[in-house]
Structures are given as structure tokens and as C-alpha cells.
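*Asks:* Below is the structure I would like to discuss, written out as C-alpha cells.
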Amino acid sequence: MSRTSWATAIKQAPVPERAKRYYSALTQTSAAPLLERATPEARRVLAALFSGSQALSEWLQAHPQHVEDLLDVEALTHPRNSESLKREIKPWLQIALDAQDYAGALRQLRHFKQRQMLRIAARDLAGLAPTTSIIRELSDVADVCLSTVGQIVFQQMIRRWGEPWHLNADQQWEPTPWCVLGLGKLGGQELNYSSDVDVIFVYASEGVAAKTPPRHTAPPPQTLSNHQFFCRMAESFVAEVGRVTPEGQLYRIDLRLRPEGKAGPLARSLESYENYYAQWGQTWERMMLIKARLVAGDAGLAHEFAEVIQSFRYPRLLSERVIADVAAMKARTEAEVVRSGELERNVKLGRGGIREIEFIVQVTQLLHAGRNPFLQIPHTLPALKAMVKYGLMEATDANALEEAYCFLRNIEHRLQMENNRQTHTIPDDPEAQKRLAALMGFSSWAAFAKQWQKYKDQVRASYEARIQAPPPAPAGPWLPPRIEGHEEVWLKLLAECSFRDPKAALKWMAEFLHGPGFGHLSAQSETSARELAGRLLTWCPRKDEQGRIVNLGPRTLSDPDRVLARLDAFIAAYGSRAMLYETWSRQPSLFEMLVLLFDRSEFLAESAIRTPDLVDDLVASGQLRRCKNAAQTLEDLRHGKNDPDQAQWLRRYFATEFMRIGLREIIGLADPEQNLAELSALADACLQYAVEVVMRRHRLKKPPFAIIGLGKLGGQELTYGSDLDLLFVTGPGSRQLHRLSPLAAEIMALLSEKTADGSVFHTDARLRPDGEKGMLVNTLDAYEDYYRRRAQLWEIQALSRARPVAGDEAVGQTFTELARRLTNFADPDPHLAAYQPGWRQEIVRMRWRIEKERTPAGKDHLAIKTGSGGLMDAEFIAQALCLARGIYVPNTLNALQQLETAGVLPHADAAALIENFRQLRRVEIILRRWSYEGESELPADPAPFYRVSVRCGYASPAEFANAVQTWRKAIREIYQKIFATELASLSKTLPKSAFHERQRD
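Per our numbering, residue 1 is the first one in the sequence shown, and the count goes up by one each step.
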């Protein structure tokens, strides 16, 4: 092929300058003719390899004959397993062993390993194989290499010292088998490009090594004991595998996972392992042994080892204290990474890294695999699938972790391939970051970093939900001794922790630590209370001289005084202080969850205090890990269909489900989009269940009408405190409307009426034709006639968010088609009175009126929904552009994305709208979560504004206010650009002072 063809391949490579450099170097070698006859696909593969691995490109430069290995792309598309690899080395290995040419065999083995790494890296970088295949192939190569070294070293040992022997159960001498077990990534067949390989050496029994077979029970003349023999063999094995030679190195062996670590012998007998783990085994060793797998030696002995350690590795009963042990391990690891300054950049050990996914899986296995053999799997991703299959994890969570795992492993691979270095840290050099992003398939570092951050956040949230115990409460001078006699020290501490009323906080703390009236708690309860108080105070904000919070984090409390009051009420409602302290001490995450709940939501706090067991039950049942859709929620609701008081059942279920959804969002298990989707699914299910209740009451065989959701319900964007905007539609020609309206009213009452248990959702049917004066239920024909002849433009705009949510599916679908036709202004209905040539002008006028009339004077900067650049700007943009192009997508974010895809919105505008809309909506969620009211204005008073800023994650109110202003400014600028003509026209028809004042705000 011509150099022009290579120029194309190089230009399209992830790192063109590097691809060009190594291509040019290879053209000066014997590989030049091979490069010239490379097919376009082979050129692409080679250019990808040159881009991604300097180490392998330089090896190829030194061994140009192996360019030929990469020219057959069809062969490269297929993985090679360990059996195939063994067949390849068998001829030359046997010859070398027969000739006792051990050095030659090892030299060829190192060359073989380099060729395989070249092949796998080419498959990987060219995208010819998924991550799961790559890690398996890397592991298979290691298996073959380690097994071969084991053969060579064992044969060398026998030649020098004789064969090891031991007495069997029949007191007969027999050869002593041995094996090498892989642990960690090697054991899990999840190796990377520059892994240390973790192994342990096992031999069957104590005995002796002898050059002649023993013939009776007396020991033969020994050269070495079995223990000495196998320890020396292990020493030789490690040396040969790790030896650095001109041909390269096989692997770095790590033996530190063996019993007693560096101080322990290199090899042990089966009985010695059994005794050690039974007496001294720790949690980390249980986790380590989950991945134990034969890599060299005798398969029968490896199976025996697995049986011997089975009850230790997979205990049938294990205290949940194991979770705290794992959390402590991770905390120690993170402390090391923090000291290196790489916590956020280390993809293995850092926040949201690979290790957290592995720990999630392994802790689940420790707790459940003893009773559930299906979980006894050494591989991370198959174990995740098993956890889903048997109900230990939601499929959505497992899928997210699998995606994150593969993404993070891909990063790790590209980091290590670069120079064949064992690294897990993303570089901080901009050029290196840009190169990494390109190798990961991203157009920019920013795009890569955004995706990486998303996966890190998902992993950390999942990890903290299942494992992460809060850090130990600080001891010593941080938490003073008993309060009596140390009041001033305590008062100073509480003031530093931002309590507005330190004296009241001290009184509460005295009762919490020592019981009402002092001295009423047992020593154990006082110890637990002290630990819990320490945790609580670590979450209280501390401020610098400028008033900025210096210890800001996801648990930082916005109102410690209120939290104490809520904790006091909860303890009183629970009853047994000692039992509660014991529960919190065993499950510190439960205590943390309640403290956060009391700080983040007054509405949910009251619910938790009314029903003190509710949060505990949600945690114990695993419900917090579920992300439920409407069908799953409806199925749960139907379990109560025989309850005699259906209204009460519906309210009880709603309270539990609402607490579940709220807690998931508060503790970070659900992002804002998931929160809106789950609230919308809950509303859909409650409406459908209410329809079924009414059908049973009136013995109806089919739903009497369709229920159409509008607004936030229609767009599946329901937030805390949102009303359900509803239409009730029946089939064409119905003559029983007078009988249907009471049924619709009954459904609304089931959801809206307040009782001692509260209400479910507030329903609103005023968006129907003629509003409150109109028929509550009407026919499809009547709706069509009204919308065509009499509806105003805002009503057609509202239809753009219509979605069937319950009832008659066929009628609902027909109504949706009607709405789709009526809102298609690209091909307007000729009979639609609301459609006029100046309809965009009217949309802008409506938006201006909302901004003017629903935003209090002087408070535009607080009105994140109706004010300038607020949520409604983005919603009006989405709805107006969808009307103009005939795009029917009720959800705002989905609509903006669809508009970008259709070329209506430029990418930069769509991205800015989506990002800033998300930020404002998150603030709205946090506002509404507090009181379950439809709030969309930030508080004007400084104290509540400060509390909102902390809940939103800002160190000071000023920083929060600036962020909100930035988001809104970005949205308003795009709004003004899109509607520039209409705004200019509007300014001419309105008083200048009023219009320009609003634009300035």
C-alpha cells in the first residue's frame, strides 16, 4: 500500500503524532515490506497500537518480524484461550525440558509472553474485543506462563534434591503434590497489563525429598524436608518469573497475601493453611480467598485446598461487623492515597474506583455465599449478575457498576500500556490527559472527565449504601470527658460546631450521653452514645474567619440545632434509649441516615418520628437499593387490595414509598433525574391503583375512562409537593358522562383527601376544557372540538406534555395521537383556532406575563422557576421549538436532547440549557424536599438561605448565590437569542420601564 494510505490511518489514529513516529521508525527496519502490504484495517490496528503503547511499539521496533502477527486482522478478532496457548508452546517446551535447557525454555517463554501482550494490546486498542475478553486473555497468558515456570522449576528442584514424598493415610509413601494458587486479579481472571500477580504456594503434606522412592514406612535418606523443598521451589519460582532480561520480564510476583505476610514461610502444607485460617484468619483474608484459583501444579490439591478453606471463605453465619472491617480497610487505603495527593485521580484505590466495586461484590459474597452457593464465584462481573439473579442487587445498580468497572479497567489498561508501568493514576499533565481521552475514544478531556466523574459518583454512592461506615468518632481532646465539670470546654466546642444556641445544645448533649437525669445509662450505652456524639459533631460545619465552611462534605449539616431537636423527638418516640443506641452502634450508617434526614427534610423527619421503625425497616429489607418503575410499584400496591380500608392502605403505602424515594435521593443513591422518575412512577401507580379500587367498588369490568397527565406528571418530572394535573377522557359518543364524573371525583378524593395518615397526592383537574366550570369527564370528541375551536394557545402548549397515566389504554393512546397532531405546528391543523402566524410572539408574551405577575417585585433573583433565566425559560424554549418542529416529547430534558439531535438547537446551546436546567432543578428539589410544598423561590431571609446553600453543597451563601446567578444568566442568554425577534417586537408594545426592568433582572 502507498504511504498516502498510511497517512490516512495515522491521521485517524487516536494520537497521530505518536503513530507517525513509530510508523516512520518501523519503515527503517525489515518490517517495511510488511507495512506496505498491510490492508486498511491492519493499518488502523497498527496505528492504534502505536498511539496507545510506547513500550510495545518499541518492542515491535526491536522485533520487526512480529509486524506480521498483526496483519491478519481476521485472526485478531478472535480471542485465544489457555488451551490454544499451551498447544503453541508445547513443541518447543518439551524439547527444552528433555534437553534440560531451562534457560532456553525461559527465554522463549518471555518472548512468547511479549508476543501475546502485543496481540492482546492490538485487539484492545483497535476495539476488536470487549474489556471482559481482554482481561480474560491477559489472565490466560499469565496462567500459561506461570504454569510453565512451575514445570521448569519443579523439574530443576527434582534433579537437584530428589522428589518430595509423604506418608498417606495407609502409611504408604507417595509423591507430594503441590500447586500455586492465584489470588486477586489473577485469581479472578481479571488481570491487567502491568499487574503484580498475587500467589500462594501449597503442598499436600509434610515429608521428605529423596532421590530414590521410599520402600517402607521409615523415612528415606533425606536431602530436604518437604517444607524446605517447597519453600526453595517458591523462591526459585518467584526469581524466574520476576527476572528482568533482554527478552523482558514475565511478571512481578507478590507473596504478601500469604499467612503472616512477609514474616511467613513462602510455602505451607494444606494442614498448616487450615490451622492458620481457623485460628487467625481475618476479614481481608476471607475476601482474598474468594478469588483463589489454580494457576500451576496439581488440580486435585487445589480442589482439596478449596474444600479445606470453604467454611472460612464462605461462612454460613457472619456478623455484619464485617462491613465495618471492610470500610476500615478502605479508609486506610484511601488515607495512603490522600497522602500521595491522588485520591480523585487513582482509578483503582481512589474514590469511586475499581476497589470499591470489588468490595461491594466481595462483601455480598461474604455475607450470603455461605448459604447461597450460586454466589461462590471468583469473578467480579459474573458475581454481580448472580447477585441480580437472586435478588441481592437491582439490575439497574448492577448494570451501572458493570459499566463503571469496564470503563475504569479500560482507563487502567491505557495507563499501564503506555510504558508498561504499574500505575493506576490519571496524569495531571494536560497533554497526557488529552492523549488518554483520545485513547478512550473521547473528543476532549472535558468529555472524558465528565463521564469518568459520573462513574465515580455512581460507584461511590453504591459503595457507601452497602459498605461505607462513617469514619470513627475522633477521640481524646476532640470529645471532652463527662460534661459535669467540663461545661466551658463543651460550650466552646459546640460553638465551634456552629450551634446557634450552645447552652441548649449542651443540655441535650448531657441527656444524650448520660441519660435523662444523668447516670441512667449502662456503661455500654454511654460508650455507644459517646461514639455517636463524636460522629454527629464531625458532621457539624466549622467556619473560617470569612464565614466559609472549611469541612464541607456531603454529610455537612445545615442546621445542627434543629437536628438535635429532631433526634430528641425521635428518641422519645422510639422508647428504649439503650436499644436504640445499640442499634445505631451496630449500624452507624442508620444513625447517619437519620441525622441527614432530620437535616434535609422537615416533612420526612416528621414522618420518621411518627413511625420510628420505618427507616430501619427500609434499610433492613434492602428496599433503599431498589429503583422502582410504575409497574413494580403497582404490583406492590396490589398486595393490599383486600385491606378493608383502601384509602388508609394507599396512604400507608405512599408514606413508606415516599420515605424510600426521599432517602435514596438524600443519601445519594438516586440522582435528580432518577428521583423525578421514581416520584412520577409512584404517582402513575397510585392513580392506576385508585382506578382499580373504584372499579372494584362499582363492579366495573373495564376502566371507565383514560386519565391523562399534564405538566410535571405528563413529563415524568414530578418533584416533591407537585400537584397532579389530570384530564379524564372517555371514548367517543359516551352517553353516561353524568355517571362518570362522580367516579373521577372518587379517584381524586382517594388521593387528595387528608386523614390522620396524611394524603397521597394533591390532584388538580382545572386544565380541562372550560376549567372548573367544565365537565370533569368528557369524550374524545368533545376534547377534540374544544381544542380545535376554542382552546387558547397556552392550552395547546400544555398539551405538548400530555401523557396517558392510568385507565383505558386505548382511549389514552387515541388522546395522545390527538395531542400529537394538535401540537405539530410544522404541519398545523387547518381547523386549529389557537394556531396563528404570530404564535411565537404570543408564547413570549405569556412567558413575560408569568415572569411579571408570578415573581414578587424585587425578588427576581430568588425566583428560580418563574424569574429571569429560571426553569420556565428552558421549558418554554423546549415547548416552543417542539411545537415549531412537530416534535412530541413531554419530558423537558429529553425534548432538549431531541431538538439537538434534530439540528434545531446547536450543540453548545443544548448542552448549556441541559446543564443549567439540571442545576436549577436540583435546587428546586432540595427546596421542595424540605417542606413538601411546591416552593420554587429561594428564601429571602439570610438564615434559611444559608441552610439551603449548605444543602446544595456550597461553603458560603455568597458562593451559592453566584452559582445560581451564573446558571440563570446562561439560560436567559439562550432564551434571548432564540426569541430575539419576538422580544424586540414585545418591547415595542410594552411600557419601556417595565420591559427593560425585567430584562435587567
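From the three backbone atoms N, C-alpha and C, an ideal C-beta is built for every residue, glycine too. All values reported here derive from a predicted model rather than from experimental measurement.
Can you tell me whether Asp501 is helix, strand or coil according to DSSP?
*Replies:* On the sequence shown, residue 501 is found 501 positions in, with the first residue counted as 1. Coil.
*Asks:* Along the chain, where does the alpha helix (DSSP H) containing Cys686 start, and where does it finish?
*Replies:* For the purposes of this step, residue 686 is taken as residue 686 along the sequence shown, with counting starting at 1. Per DSSP, Cys686 belongs to the alpha helix (DSSP H) from 672-697.
*Asks:* Can you tell me whether DSSP reads Arg37 as helix, strand or coil?
*Replies:* On the sequence shown, position 37 is the one that residue 37 refers to. It is coil, neither helix nor strand.
*Asks:* In angstroms with no decimal places, state the Cα-to-Cα distance between Ile135 and Arg409.
*Replies:* Against the sequence shown, residue 135 aligns to sequence position 135. Against the sequence shown, residue 409 aligns to sequence position 409. So the two alpha carbons sit approximately 9 angstroms from each other.
*Asks:* So Ala533 and Leu506 are in contact, right, with Cβ under 8 angstroms, and what is the actual spacing, rounded?
*Replies:* As a working note, residue 533 is residue 533 in the sequence shown. As a working note, residue 506 is residue 506 in the sequence shown. Rounded to whole angstroms, the Cβ separation of Ala533 and Leu506 is 12 angstroms, and the two are not in contact under 8 angstroms.
*Asks:* Quick check on DSSP: helix, strand or coil for Val777?
*Replies:* Position 777 of the sequence shown, counting from 1, holds the residue named residue 777. Strand, per DSSP.
*Asks:* Could you tell me the distance, in whole angstroms, from the CA atom of Thr307 to the CA atom of Glu285?
*Replies:* For this step, residue 307 is matched to residue 307 along the sequence shown. For this step, residue 285 is matched to residue 285 along the sequence shown. Here the sequence assigns Glu to residue 307, which means Thr is not the residue at that position. Whole-angstrom Cα-Cα distance: 16 angstroms.
*Asks:* With DSSP as the reference, label Asn346 as helix, strand or coil.
*Replies:* Translated into the one-based positions of the sequence shown, residue 346 becomes position 346. Looking at Asn346 - three-state DSSP - the assignment turns out to be strand.
*Asks:* Skipping 5 residues on each side, what residues in its chain have a beta carbon closer than 7 angstroms to that of Gln646?
*Replies:* Counted from its first residue, the sequence shown places residue 646 at position 646. Result list for Gln646: Val693, in chain order.
*Asks:* Assuming Ile971 contacts Asn916 (C-beta within less than 8 angstroms), just tell me the rounded distance between them.
*Replies:* As a first step, residue 971 must be located in the sequence shown, where it is residue number 971. As a first step, residue 916 must be located in the sequence shown, where it is residue number 916. At roughly 5 angstroms, the Cβ-Cβ gap stays under 8 angstroms, so Ile971 and Asn916 are in contact.
*Asks:* I'd like to know whether the C-beta atoms of Trp161 and Lys90 end up nearer to each other than 9 angstroms.
*Replies:* Numbered from 1 along the sequence shown, position 161 holds the residue referred to as residue 161. Numbered from 1 along the sequence shown, position 90 holds the residue referred to as residue 90. No, they are not a contact pair.
*Asks:* Grab me the residues of Leu491's own chain with a C-beta within less than 8 angstroms of its C-beta, minus the 5 sequence neighbours each way, in chain order.
*Replies:* Sequence index remark: in the sequence shown, residue 491 carries index 491 (1-based). Closer than 8 angstroms at Cβ, skipping near neighbours: Pro502, Lys503, Leu506.
*Asks:* Closer than 8 angstroms by C-beta to Ile609: which residues in its own chain qualify, once you throw out the five before and the five after it? Chain order, please.
*Replies:* Walking along the sequence shown from the start, residue 609 turns up at place 609. Close CB contacts of Ile609 within its chain, under the 8 angstroms cut and outside five residues either way in sequence, are with Arg566, Ala569, Phe570, Ala573 (chain order).
*Asks:* For a test of the three-state rule: what should DSSP assign to Pro175, helix, strand or coil?
*Replies:* The residue labelled residue 175 in the question sits at position 175 within the sequence shown. Strand at Pro175.
*Asks:* Terminal residues of the continuous beta strand (DSSP E) containing Leu726?
*Replies:* Stepping through the sequence shown from its first residue, residue 726 is reached at position 726. Segment 724-730, the beta strand (DSSP E) holding Leu726.
*Asks:* Is it a yes or a no for the segment 736-752 touching the segment 774-787, going by three-plus beta-carbon pairs under 8 angstroms?
*Replies:* Yes, since at least three Cβ pairs between the segment 736-752 and the segment 774-787 fall closer than 8 angstroms, the two stretches touch.
*Asks:* Assess contact between the segment 20-38 and the segment 67-74, defined as three or more Cβ pairs (one per stretch) separated by less than 8 angstroms. Is contact present?
*Replies:* yes
*Asks:* I'd like the list of long-range same chain contacts for Ser30, defined as Cβ closer than 6 angstroms, with 5 residues on each side in sequence excluded.
*Replies:* On the sequence shown, position 30 is the one that residue 30 refers to. For Ser30, where only same-chain residues beyond five positions count, the Cβ hits under 6 angstroms are Pro64.
*Asks:* Using the Cα positions of His424 and Val691, report the straight-line distance between them to the nearest angstrom.
*Replies:* Start at 1 with the first residue of the sequence shown, and residue 424 comes out as number 424. Start at 1 with the first residue of the sequence shown, and residue 691 comes out as number 691. In a straight line, the C-alpha of His424 is about 55 angstroms away from that of Val691.
*Asks:* Buried or exposed: Arg173, going by 16 or more other Cβ atoms within 10 Å of its Cβ?
*Replies:* To locate residue 173, count along the sequence shown from 1; it is residue 173. Inspection of the sequence shows that residue 173 is occupied by Trp rather than by Arg. Flag for Trp173 reads buried.
*Asks:* Count the other C-beta atoms from every protein chain shown that fall within 10 angstroms of the C-beta of Tyr390, then say buried if there are 16 or more, exposed otherwise.
*Replies:* Working through the sequence shown from its first residue, we reach residue 390 at position 390. If you draw a 10 Å sphere on the C-beta of Tyr390, you find fewer than 16 other C-beta atoms in it, and that means exposed.
*Asks:* Residues in the same chain with beta-carbon distance under 8 angstroms from Lys113, minus the five sequence neighbours each way, listed in chain order, please.
*Replies:* In the sequence shown, the residue the question calls residue 113 occupies position 113. Excluding residues within five positions, the ones whose Cβ falls inside 8 angstroms are Val141, Cys145, Gly248, Leu250.
*Asks:* So, is Met579 buried or exposed, given that buried needs 16 or more other C-beta atoms within 10 angstroms?
*Replies:* Residue mapping note: residue 579 aligns to position 579 of the sequence shown, counting from 1. Counting the other Cβ atoms within 10 Å of the Cβ of Met579 gives fewer than 16, which makes it exposed.
*Asks:* Do Ala802 and Leu1002 come within 9 angstroms of each other at the CB atom, strictly closer than that value?
*Replies:* Shown here, the chain extends from 1 to 1001; a query on residue 1002 therefore has no answer.
*Asks:* Which word fits Gly300, buried or exposed, when buried means at least 16 other C-beta atoms lie within 10 angstroms of its C-beta?
*Replies:* If you number the sequence shown from 1, residue 300 lands on position 300. That one is exposed.
*Asks:* Run through the DSSP bridge pairs and tell me what Trp165 is partnered with.
*Replies:* In the sequence shown, the residue the question calls residue 165 occupies position 165. Pro175, Val208, per the DSSP bridge assignment.
*Asks:* Identify the residues that DSSP records as bridge partners of Val197: which are they?
*Replies:* Your numbering for residue 197 matches position 197 in the sequence shown. Ile253.
*Asks:* Which of the three DSSP states, helix, strand or coil, is assigned to Ile609?
*Replies:* As a first step, residue 609 must be located in the sequence shown, where it is residue number 609. Looking at Ile609 - three-state DSSP - the assignment turns out to be helix.
*Asks:* Could I get the ranges of all uninterrupted alpha helix (DSSP H) runs contained in the segment 863-896, with 4 residues as the minimum, in chain order?
*Replies:* 871-885
*Asks:* Tell whether a beta-carbon distance below 9 angstroms holds between Ala209 and Phe229.
*Replies:* For this step, residue 209 is matched to residue 209 along the sequence shown. For this step, residue 229 is matched to residue 229 along the sequence shown. For the pair Ala209 and Phe229, the CB atoms are nearer than the 9 angstroms cut-off.
*Asks:* Given a threshold of 16 other Cβ atoms within 10 Å of its Cβ, counted over all protein chains shown, does Asp599 qualify as buried or as exposed?
*Replies:* Walking along the sequence shown from the start, residue 599 turns up at place 599. Result: buried.
*Asks:* Whose C-alpha, out of Trp839, Arg21, Val73, Ala19, is nearest the C-alpha of Ala42?
*Replies:* Within the sequence shown, residue 42 is the residue found at index 42, counting from 1. Of Trp839, Arg21, Val73, Ala19, the residue nearest in Cα terms is Val73.
*Asks:* Please return the same chain residues whose Cβ sits closer than 6 angstroms to the Cβ of Arg107, not counting the five positions on each side in sequence.
*Replies:* To locate residue 107, count along the sequence shown from 1; it is residue 107. Apart from the 5 residues on each side of it in sequence, Arg107 sits with its Cβ closer than 6 angstroms to the Cβ of Glu247 in its chain, given in chain order.
*Asks:* Quick one: Cα of His762 to Cα of Phe705, how far?
*Replies:* Walking along the sequence shown from the start, residue 762 turns up at place 762. Walking along the sequence shown from the start, residue 705 turns up at place 705. If I take the Cα positions, the gap works out to 20 angstroms.
*Asks:* Ignoring anything shorter than 4 residues, give me the alpha helix (DSSP H) runs that lie fully in the segment 37-120, in order along the chain.
*Replies:* Complete alpha helix (DSSP H) runs here, min 4: 40-52, 54-62, 73-76, 82-98.
*Asks:* For Gly771, count neighbouring Cβ atoms within 10 angstroms of its own Cβ and tell me buried if that reaches 16, exposed if not.
*Replies:* Here residue 771 is taken as the residue at index 771 of the sequence shown, counted from 1. The residue is exposed, with fewer than 16 neighbouring Cβ atoms inside 10 Å.
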